[in-house]
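**Student:** Numbering-wise (my numbering), the sequence shown opens with residue 3 and increments by one.
Built from N, CA and C at the ideal position, the CB exists for glycine as well.
Below you'll find the structure I mean.
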Amino acid sequence: MLGFLSSCKDDEKEIPPVVEDVVAQYTGDKVKVTLGGEAVSGDAQIDLVQQDDKSLTIKLLNIIPDVKEFSIPNAEFEATTRSAYISKLSGKASNAVVGYDVTFEGVVDEGVLTASITATEIKGDSINAKKAGLTGKTFKGKMTINVSNIPTPIEMEQRVYTSVVSKDTSAIKLKINDFAFQGLKLGDISLDTVAVRHRGEQDGKPIYGFKTKSQEMTLEAVGKVLIDANGTIIGEKMELSLNVNAVTAGLTVGVDFSGNIVEESTDTKATITVTGDAVAEGVTVSGNTYTFKVWESTPDDQLVFIPKIEIPATAVLDSIIIYDNRNKKVSAVEPNTAIDFSQLKENYYVGYHVTPEDIRYPSKKMLKMVRIAELNPVYDMATWVADGDFEKPNGLTTSNLAAAFFPMFGIDVPTPVVKASDNAAEITTSRTVSATLPSTLVPGVTAGTMFLGEFKVDITNTLKSTHFGVPYRVKPVNFKITYKYTPGTTFYKTVVKNNANDTEVVPNEKDECSINAYLYEVDSYAETLDGTNINTSNKVIMKAVLEDGSAKADYVTLTIPFKETGNGSFDPTKKKYKLAIVCSSSKKGDQFMGADGSKLWVKYLEVTR
3 MLGFLSSCKD DEKEIPPVVE DVVAQYTGDK VKVTLGGEAV SGDAQIDLVQ
53 QDDKSLTIKL LNIIPDVKEF SIPNAEFEAT TRSAYISKLS GKASNAVVGY
103 DVTFEGVVDE GVLTASITAT EIKGDSINAK KAGLTGKTFK GKMTINVSNI
153 PTPIEMEQRV YTSVVSKDTS AIKLKINDFA FQGLKLGDIS LDTVAVRHRG
203 EQDGKPIYGF KTKSQEMTLE AVGKVLIDAN GTIIGEKMEL SLNVNAVTAG
253 LTVGVDFSGN IVEESTDTKA TITVTGDAVA EGVTVSGNTY TFKVWESTPD
303 DQLVFIPKIE IPATAVLDSI IIYDNRNKKV SAVEPNTAID FSQLKENYYV
353 GYHVTPEDIR YPSKKMLKMV RIAELNPVYD MATWVADGDF EKPNGLTTSN
403 LAAAFFPMFG IDVPTPVVKA SDNAAEITTS RTVSATLPST LVPGVTAGTM
453 FLGEFKVDIT NTLKSTHFGV PYRVKPVNFK ITYKYTPGTT FYKTVVKNNA
503 NDTEVVPNEK DECSINAYLY EVDSYAETLD GTNINTSNKV IMKAVLEDGS
553 AKADYVTLTI PFKETGNGSF DPTKKKYKLA IVCSSSKKGD QFMGADGSKL
603 WVKYLEVTR
């Protein structure tokens, strides 16, 4: 309410107005404003506020471009006369935070405030946004959304991300992920090349202002939009205002954000456990794949488990979904719910969707059940199957994949393991010295190997390429073999000459073959012995060894008993085991020694129980 007189009669004594008389809120037809000589219409408002120290502050609302409120403190007040007293107001202020220098001249006459305002944008200085530490940041805080067709503002916690603009070092990229409200998903708001300027200091902290006009992009649900943005970064705090104009949808969204820099964890590391009498091996992890094993013969009614998952305190378990092998959703599952894995087809998995504190990096953990086949270790070499560019006896593995590297070094030798004319596995030792590309990567002598297990090339240590053994839970009794053997004439050992592998002849040394079977204990079925330790490891608790590896011109059939090594006892109720069979054309092949051209033919292998 205005409490001053703007005019008086001749027989009345006029009283000059004071500040208290003009303190009020001026809106609607009580305010007339020009900005830079142009009339300001709409919801312009001017508040005249008397502070506790009696000073006058002029507040300009919805008048300065892109600034909701601009304050001019310590404004001047003067009562002057024309035909009657009027109130004159003036003031000026520079605000580096909002980015304007503003001057104000106004008159209050008969309750109406008429103001002339000039606003000059503070351009500031160009900067390198990355060097200023403005990129690669996450600002987290309160976001208020005003939608043109929703009367009540919507408030939420939100994040604004900044990143580098490769083509303009003085600009930043602003991004809001998954922008949505009241079920309306607009998608990601991404503003490229938002210019940043250094406008000054506040409390010793640099003031960085940024602004962009009418950036065009397409958002889900509303189509084409034009976005205006302006704001500041002062220290670790961001103030941001957005105006989103959905051109075709006829929707206007105003966004105000205030937040501080946060460093959020991306950790989604999970521990998943599955327990029960039917579990042959607990969960093992490879990347985001979690696998537990059961024996193939386990009855279906024993395959109901309640998996447990533990995640970091900063992460959230969003959902648990069962997927089929085409990665399609089958059903949702609540935590700590029993799952009947017997109903999950091959390649089905349980997906655990985990969102870390930094919500940009969600993760899906896949829990799978694998059935371990009950091994029947009988190999008659009747069937051979493809193994890359080679062949191998069904159920067994060979060292042939390593031979694929020989031509790269100019080495031309027979394939280590091939199918003989009688279907036997023909295993050969070769001198593998390159005359053109000598190297330490290929040993001077390479003995062919056929074994029960898996071959994974390790170029740095060829002996580690042979992963011997498969899961086995029966105590072996005998090892039956049918074989013949012809040793090569000259025995070599590998030596290093001129920084490359070469060979030297070992006089009076006769080559022998090696055909052995091993039962060894493991903590996990992922554990394996290899060419570096199969003959020395104290994990081997039983083995059957061909003692006489000398020449045999004709096929010989032997039954070799398994003997305990003294390293442990067999207890399948408490321990896990793997069975390995290893056949080599040179007994000392693991030392890169043997006779060039030694050949071992293996026609039959069986482990009895």
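Please classify Val69: does DSSP put it in a helix, a strand, or coil?
**Tutor:** The sequence position of residue 69 within the sequence shown is 67, counting from 1. Val69 falls in the coil class under three-state DSSP.
**Student:** Which residues in the same chain have their Cβ closer than 7 Å to the Cβ of Leu4, if we skip the five residues on either side of it in sequence?
**Tutor:** Sequence index remark: in the sequence shown, residue 4 carries index 2 (1-based). At Leu4, the pLDDT of 30 sits below 50, so the modelled position is not reliable and the matter cannot be decided from this model.
**Student:** Tell me which same chain residues have a C-beta within less than 6 Å of the C-beta of Ile119, skipping the five on either side of it?
**Tutor:** Position 117 of the sequence shown, counted from the start, is the residue given in the question as residue 119. Excluding sequence neighbours, Ile119 sits near Leu37, Phe106.
**Student:** Am I right that Ser344 and Leu305 are in contact with their C-beta atoms under 8 Å? What's the rounded C-beta distance?
**Tutor:** The residue labelled residue 344 in the question sits at position 342 within the sequence shown. The residue labelled residue 305 in the question sits at position 303 within the sequence shown. Their Cβ separation, rounded to whole angstroms, is 4 Å, which keeps Ser344 and Leu305 in contact under 8 Å.
**Student:** Compute the distance between the beta-carbons of Pro379 and Glu608, then report whether it is under 8 Å.
**Tutor:** For the purposes of this step, residue 379 is taken as residue 377 along the sequence shown, with counting starting at 1. For the purposes of this step, residue 608 is taken as residue 606 along the sequence shown, with counting starting at 1. The answer is yes: Cβ separation under 8 Å.
**Student:** Let me check understanding here. Comparing Cα to Cα, which of Gly596, Lys601, Lys90 lies closest to Phe493?
**Tutor:** Translated into the one-based positions of the sequence shown, residue 493 becomes position 491. Nearest C-alpha to Phe493: Gly596.
**Student:** Quick test of your reading: Ala404 and Val459, contact by CB under 8 Å. State the CB separation rounded to the nearest angstrom.
**Tutor:** For the purposes of this step, residue 404 is taken as the residue at position 402 of the sequence shown. For the purposes of this step, residue 459 is taken as the residue at position 457 of the sequence shown. Right, the Cβ-Cβ distance comes to about 6 Å (below 8 Å), so this counts as a contact.
**Student:** Taking only three categories from DSSP, how would you classify Asp382?
**Tutor:** Here residue 382 refers to the residue found at position 380 of the sequence shown. Three-state result, Asp382: coil.
**Student:** What separation, rounded to the nearest whole angstrom, lies between the Cα atoms of Lys139 and Lys215?
**Tutor:** Translated into the one-based positions of the sequence shown, residue 139 becomes position 137. Translated into the one-based positions of the sequence shown, residue 215 becomes position 213. Cα-Cα distance, rounded: 22 Å.
**Student:** Val99 and Thr273 - do their beta-carbons sit closer together than 8 Å?
**Tutor:** Position 271 of the sequence shown, counted from the first residue, corresponds to residue 273. Position 97 of the sequence shown, counted from the first residue, corresponds to residue 99. Not closer than 8 Å, so no.
**Student:** Looking at the secondary structure, which residues open and close the beta strand (DSSP E) in which Leu188 lies?
**Tutor:** Reading the sequence shown from its first residue, position 186 is the one you call residue 188. Start and end: 186-204.
**Student:** Flag this pair as touching only if the stretch 144-154 and the stretch 251-258 have three or more C-beta atom pairs under 8 Å; answer yes or no.
**Tutor:** Touching, yes.
**Student:** Have a look at Gly189, Phe411, Arg328, Lys554 and flag the residue whose alpha-carbon is nearest the alpha-carbon of Ser436.
**Tutor:** As a position in the sequence shown, residue 436 is number 434, starting the count at 1. Of the candidates Gly189, Phe411, Arg328, Lys554, the one whose C-alpha sits nearest the C-alpha of Ser436 is Phe411.
**Student:** Leaving out five residues before and five after Lys34 in sequence, what residues of the same chain have Cβ atoms less than 6 Å from its Cβ?
**Tutor:** The residue labelled residue 34 in the question sits at position 32 within the sequence shown. Counting only Cβ-Cβ distances below 6 Å, and skipping sequence neighbours, we find Thr116.
**Student:** I need the straight-line Cα distance from Val356 to Pro314, nearest angstrom please.
**Tutor:** As a first step, residue 356 must be located in the sequence shown, where it is residue number 354. As a first step, residue 314 must be located in the sequence shown, where it is residue number 312. So the alpha carbons of these two residues sit roughly 10 Å apart.
**Student:** When DSSP builds the beta bridges, which residues end up paired with Thr431?
**Tutor:** Here the question's residue 431 lines up with position 429 in the sequence shown. Ala449, per the DSSP bridge assignment.
**Student:** Enumerate in chain order the residues of its own chain whose CB-to-CB distance from Asp170 is below 7 Å, with the five nearest sequence positions on each side excluded.
**Tutor:** The residue you call residue 170 lines up with position 168 of the sequence shown. So the qualifying residues of the chain are Thr195.
**Student:** Give the single residue among Val498, Ser365, Ile323, Thr275 whose Cα lies nearest to the Cα of Ala317.
**Tutor:** Working through the sequence shown from its first residue, we reach residue 317 at position 315. The option with the nearest alpha carbon to Ala317 is Ser365.
**Student:** Check whether the stretch 480-487 and the stretch 548-567 touch, using three or more Cβ-Cβ pairs below 8 Å as the test.
**Tutor:** As far as the Cβ criterion goes, the stretch 480-487 touches the stretch 548-567, which means the pair count is three or higher.
**Student:** Can you give the Cα-Cα distance for Cys585 and Thr431, rounded to whole angstroms?
**Tutor:** If you number the sequence shown from 1, residue 585 lands on position 583. If you number the sequence shown from 1, residue 431 lands on position 429. Approximately 12 Å, taken between the alpha carbons.
**Student:** Looking at the C-beta of Leu244, does it have a partner C-beta in chain D at a distance below 8 Å?
**Tutor:** Reference to chain D is not applicable here, since this structure consists of a single protein chain.
**Student:** Given this structure, state the Cα-to-Cα distance separating Asp514 from Lys590, to the nearest angstrom.
**Tutor:** Taking the first residue of the sequence shown as 1, we reach residue 514 at position 512. Taking the first residue of the sequence shown as 1, we reach residue 590 at position 588. Sequence inspection shows Glu at residue 514; the Asp mentioned does not correspond to that position. Distance between the alpha carbons of Glu514 and Lys590: 8 Å.
**Student:** Closer than 6 Å by C-beta to Asn537: which residues in its own chain qualify, once you throw out the five before and the five after it? Chain order, please.
**Tutor:** Numbered from 1 along the sequence shown, position 535 holds the residue referred to as residue 537. Around Asn537: no qualifying Cβ.
**Student:** Go ahead and pull the three-state DSSP assignment for Pro19.
**Tutor:** As a position in the sequence shown, residue 19 is number 17, starting the count at 1. Pro19: coil per DSSP, three-state reduction.
**Student:** Going by other Cβ atoms of all chains shown within 10 Å of its Cβ, with 16 needed for buried, is Val20 buried or exposed?
**Tutor:** Looking up residue 20 in the sequence shown gives position 18. So Val20 ends up on the exposed side.
**Student:** Going by Cα to Cα distance, which pick from Glu78, Ile147, Lys477 is closest to Thr59?
**Tutor:** If you number the sequence shown from 1, residue 59 lands on position 57. Checked all of Glu78, Ile147, Lys477; the closest Cα to Thr59 is Glu78.
**Student:** Assign Asn503 to one of three DSSP states: helix, strand, or coil.
**Tutor:** In the sequence shown, the residue the question calls residue 503 occupies position 501. In the structure shown, Asn503 sits in a strand (DSSP, three-state: E or B).
**Student:** Which partner residues of Val149 appear in the DSSP bridge assignment?
**Tutor:** Residue mapping note: residue 149 aligns to position 147 of the sequence shown, counting from 1. Beta-bridge pairing links Val149 to Val255.
**Student:** Smallest Cα separation from Thr400: which of Thr29, Gly471, Pro445?
**Tutor:** Translated into the one-based positions of the sequence shown, residue 400 becomes position 398. Selected option, being the one with the closest Cα: Gly471.
**Student:** Under 8 Å by Cβ, that's how I've got Ser165 and Lys177 pegged, so tell me the actual separation to the nearest angstrom.
**Tutor:** For the purposes of this step, residue 165 is taken as residue 163 along the sequence shown, with counting starting at 1. For the purposes of this step, residue 177 is taken as residue 175 along the sequence shown, with counting starting at 1. With 8 Å as the limit, Ser165 and Lys177 qualify as a contact, their Cβ atoms being about 7 Å apart.
**Student:** My parser needs the alpha helix (DSSP H) runs of 4 or more residues fully inside the stretch 347-426; what are they?
**Tutor:** Counting whole runs of 4 or more residues, the stretch 347-426 contains the alpha helix (DSSP H) stretches 402-405.
**Student:** To the nearest angstrom, how far is the alpha carbon of Tyr102 from that of Asn179?
**Tutor:** Mapped onto the sequence shown, residue 102 falls at position 100. Mapped onto the sequence shown, residue 179 falls at position 177. Distance between the alpha carbons of Tyr102 and Asn179 is about 31 Å.
**Student:** Using three-state DSSP, classify Leu136 as helix, strand or coil.
**Tutor:** Numbered from its first residue, the sequence shown carries residue 136 at position 134. Coil.
**Student:** Compute the Euclidean distance between the alpha carbons of Ile209 and Glu40, then round it to the nearest angstrom.
**Tutor:** Along the sequence shown, one-based indexing puts residue 209 at 207. Along the sequence shown, one-based indexing puts residue 40 at 38. Distance between the alpha carbons of Ile209 and Glu40 is about 30 Å.
**Student:** When the Cα atoms are used, what is the spatial distance from Tyr557 to Asp424?
**Tutor:** As a working note, residue 557 is residue 555 in the sequence shown. As a working note, residue 424 is residue 422 in the sequence shown. Those two C-alpha atoms are separated by around 12 Å.
**Student:** Quick one: what does DSSP say Asp303 is sitting in, helix, strand or coil?
**Tutor:** The count along the sequence shown starts at 1 and reaches residue 303 at position 301. Helix.
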